[in-house]
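Notes to accompany the following structure.
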Amino acid sequence: MANKPAAHAADEPAVREVVSLDALSAQRRDALPEPTTFGLKGIEFTLPPMKLLPIETQAKVGNMDDNLGVLNAFLGEEQVKAMFAADYTFDDLELIMEEWQKRSGLEPGEAPAS
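Just so we're aligned, residue 130 is where the sequence shown starts under the numbering used here, counting upward by one.
As structure tokens, this is what we get:
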């Protein structure tokens, strides 16, 4: 009887590990605050926690520091036009972004994707 050569690791198919992030993603999502409804100058709008913004928002806006662009991408052009008509100011926009960030559970200056 001939001896069969021992199999080498290179001869065996590589086992590919797939790390499922579904459960971790659900846990993180469940730990986030609920969406917040804001009211300013007679206009109400609801924003989710920043970390729940779809990544498509960044593709649409390009620069997530473009606050007006983020609101436009998420709330839509009609809602932003209503804000223009209500004479929202830069200070109002800054206030919205600060409060949204706080109510999203983020620290000042922390990016949603951090």
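For every residue, glycine included, the Cβ atom is placed at its ideal position computed from N, Cα and C.
Check: Can you list, in chain order, the stretches of the beta strand (DSSP E) that have 3 or more residues and sit fully within the region 166-235?
Finding: 172-176
Notebook entry, point to check: Comparing alpha-carbon positions, which option in P177, L153, T218, A155 lies nearest P162?
Noted result: P177
Check: Based on Cα-Cα distance, which residue from M212, T186, E146, D220 lies nearest to E173?
Finding: M212
Notebook entry, point to check: Leaving out five residues before and five after E141 in sequence, what residues of the same chain have Cβ atoms less than 7 Å from its Cβ?
Noted result: none
Next item on the list: Could you please give the first and the last residue of the uninterrupted alpha helix (DSSP H) stretch that includes L153?
Entry: 151-160
Checklist line | Nearest-angstrom Cα separation, counted from S154 out to S214 | finding: Before going on, a small fix: residue 214 reads as Ala here, not Ser. Whole-angstrom Cα-Cα distance: 39 Å.
Notebook entry, point to check: Are the beta-carbon atoms belonging to T186 and F203 less than 9 Å from one another?
Noted result: yes
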